[in-house]
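For reference, the structure is listed below as structure tokens.
Residue numbers (our numbering): 12 to 667.
Below is the structure:
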């Protein structure tokens, strides 16, 4: 502890998560390099274990008088701790901790009376704050080949208060310390980018709307994770386009030279009866797994300490096993891991046994050097590059990069350097509490890739088995959509979602501009809310122009949709156009694609508390979703209906 006085004073606060986030990060970084402080921290943890055993051994007092009459305990047999007692520092820590514990329990007993069965808070904290030590000199080569680095960062930080239901009463006098403590403080370090919803624009002044497609589905699975946990999601976790695109729709398969087909539908807007809703749907060519080109897959796996939770690394390993089971003899898999440093733990191989053995021995521990891992993964992918094959890096992480380049800008620039290498990117997100959604979405967007959130093994099956072609094989890149609205029939319009995919109108024809990728079998759906010409609804305008006037051409077309895309190996885009007429109109009551897509979008607006939600209601969402459920072979739409019902109940319980 020499020259560590400032940090020494913070160790107790570190163990109990009582530091500010800035102090926590500073001490966390110091612990990575200071063996003395790590040893002292471990000693204090062990002390907490000992105190906890003492507290658990004695029955909890039912009344204050009983507490005062606790008999003296018989001297315990000398143990390993007796040797530590005579060290001044250890004795001081033990005495201080014991005094604080007794005072704390004494106060709680007076306030709360009887307790209930359950584990002690100290026991839970010590369990959650377990650490892994790096291999010491003399470790065998076989053991040392696995990354084993120091991880002093607690698995769970604390900040703010979250209500906790008391555990049910049990037998005996054992006290459930959770039931008599203030609500547990849970630090939530999850990060989501601010979403500023698209506003209405006038078709006369702004006739063009341009955006990049988005095949990501992460937001829906993440929203589901919150609802399953009986929580409403934070508004910025709700990206409506990703929720809509989570589902397949009944679009026709492409028949011509283009790798996808465009569909369009128009109906009344369900949350504003005076407006209309327009749907634009893309259906990518489906490719059977047996017809996929050879795969060169480099898994970049986060094995840092932050991944040491059941819904992170263990779930990741299970997901990988599902994908390995789908592999063919011509496919190759490599595994790069990153923690305090990055390393290649499995060289390219088609041997499923070798791959599964490598997966089995993955362990979590240490800080997160994501940047170094990204560079190494792309290096391996380039060395094993397969011409006319699918070359892809698959990052699996919670996104909590805390060593080396870790800002969104630094990591995005690392990915952008590789964008033209012919190597595509898939980002798989895992975990809760410190989930870095905004970072991972940016990586996928800038790295010619897609992004999914894996919240359970069924989602892993959906992404890596059922939709393997779309996840792994890109059939069109830099796909952009530009819609021109006819002011004769449209007063104003609003694109629902896609806020972080908007493009400048001039970028549509610029082939140097990056856009989204479309995978085999993927569908993309976009919805516009339209204000009919002649409507009394006000739309902000820039005012009259002095030097130019706009002339409206007489046409029965409502709007025209233009798409640009490149084949995966091309640098020059191709153009597709499709117009929709005023009489191409259908009823929402007939269900269909626009019926279900509108229900998902309306649900997203309610979860976001959108200012454009109008008369949206859970009842209307459920009615329309049930009518448009269709065959639903995989049960995804039925699950959506259950989530809507649950959100409705959660919102009712939150109402004052």
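Every residue gets a Cβ at the ideal spot worked out from N, C-alpha and C, and that includes glycine.
Thinking just about the alpha-carbon of each residue, which of 257, 335, 324 is nearest to the one in residue 376? 324
Coil, strand or helix - residue 22 by DSSP: helix
Just to confirm before moving on: does the CB-CB distance between residue 447 and residue 421 stay below 8 Å? no
If we count the other Cβ atoms within 10 Å of its Cβ and call it buried at 16 or more, is residue 207 buried or exposed? exposed
Coarse secondary structure for residue 535, derived from DSSP in three states: strand
From what residue to what residue does the alpha helix (DSSP H) around residue 482 run? 479-483
Assigned secondary structure, residue 589 (DSSP; H/G/I helix, E/B strand, else coil): strand
Run the CB neighbour count on residue 621, radius 10 Å, all protein chains shown included, and call it buried at 16 or more, exposed below. buried
Anyone know if the C-beta pair for residue 508 and residue 255 falls short of 8 Å? yes
Could you have a look at residue 627 and say whether DSSP puts it in helix, strand or coil? coil
Out of 285, 267, 233, point me to the one whose CA is closest to residue 626's CA. 285
If distances are taken between C-alpha atoms only, which option among 407, 630, 248 comes closest to residue 318? 407
For residue 294 and residue 277, which I take to be in contact (beta-carbon distance under 8 Å), what is that distance rounded to the nearest angstrom? 18 Å between Cβ atoms; not a contact.
From this set, 262, 282, 266, which residue's C-alpha is nearest residue 275's C-alpha? 262
Could you tell me whether the Cβ atoms of residue 8 and residue 303 are closer together than 8 Å? Outside the shown range of the chain, which is 12 to 667, sits residue 8, and nothing can be said about it.
Residues in its own chain within less than 7 Å of residue 561 by CB, not counting five upstream and five downstream? 215
Pair within 8 Å by beta-carbon distance, residue 288 and residue 587: no
Which of helix, strand or coil does DSSP assign to residue 489? strand
Can we say the stretch 538-554 touches the stretch 496-503, given the rule of at least three CB pairs closer than 8 Å? yes
Would you tell me roughly how many angstroms separate the C-alpha atoms of residue 568 and residue 445, rounded to the nearest one? 49 Å
For the beta strand (DSSP E) that contains residue 501, what are its first and last residues? 501-507
Where residue 332 and residue 492 are concerned, what is the direct C-alpha to C-alpha distance, given to the nearest angstrom? 37 Å
Measure the Cβ-Cβ separation of residue 34 and residue 55 and say whether it is below 8 Å. no
Three-state secondary structure assigned by DSSP to residue 306: strand
Residues bridged to residue 313 by DSSP? 349
Just the C-alpha distance for residue 472 and residue 49, rounded to the nearest angstrom, thanks. 40 Å
With a threshold of 8 Å, are at least 3 pairs of Cβ atoms found where one atom belongs to the stretch 581-598 and the other to the stretch 231-249? no
I need the straight-line Cα distance from residue 354 to residue 370, nearest angstrom please. 14 Å
Please report the Cβ distance between residue 657 and residue 238, rounded to the nearest whole angstrom; I am assuming they are in contact, meaning their Cβ atoms lie under 8 Å. 5 Å
Is DSSP giving residue 497 helix, strand or coil here? coil
Which whole-angstrom value is the C-beta distance of residue 736 and residue 290, which I expect to be below 8 Å? As displayed, the chain neither begins before 12 nor continues past 667, which places residue 736 out of reach and without an answer.
Range of the contiguous alpha helix (DSSP H) that encloses residue 598: Run containing residue 598: none; DSSP gives neither H nor E here.
So, residue 438 versus residue 374, is the Cβ gap smaller than 8 Å? no
Applying the 10 Å Cβ sphere with the 16-neighbour rule, what's the burial state of residue 459? buried
Cα-Cα separation between residue 431 and residue 306, rounded to whole angstroms: 18 Å
Whole angstroms are fine: how far does the CA of residue 494 sit from the CA of residue 559? 23 Å
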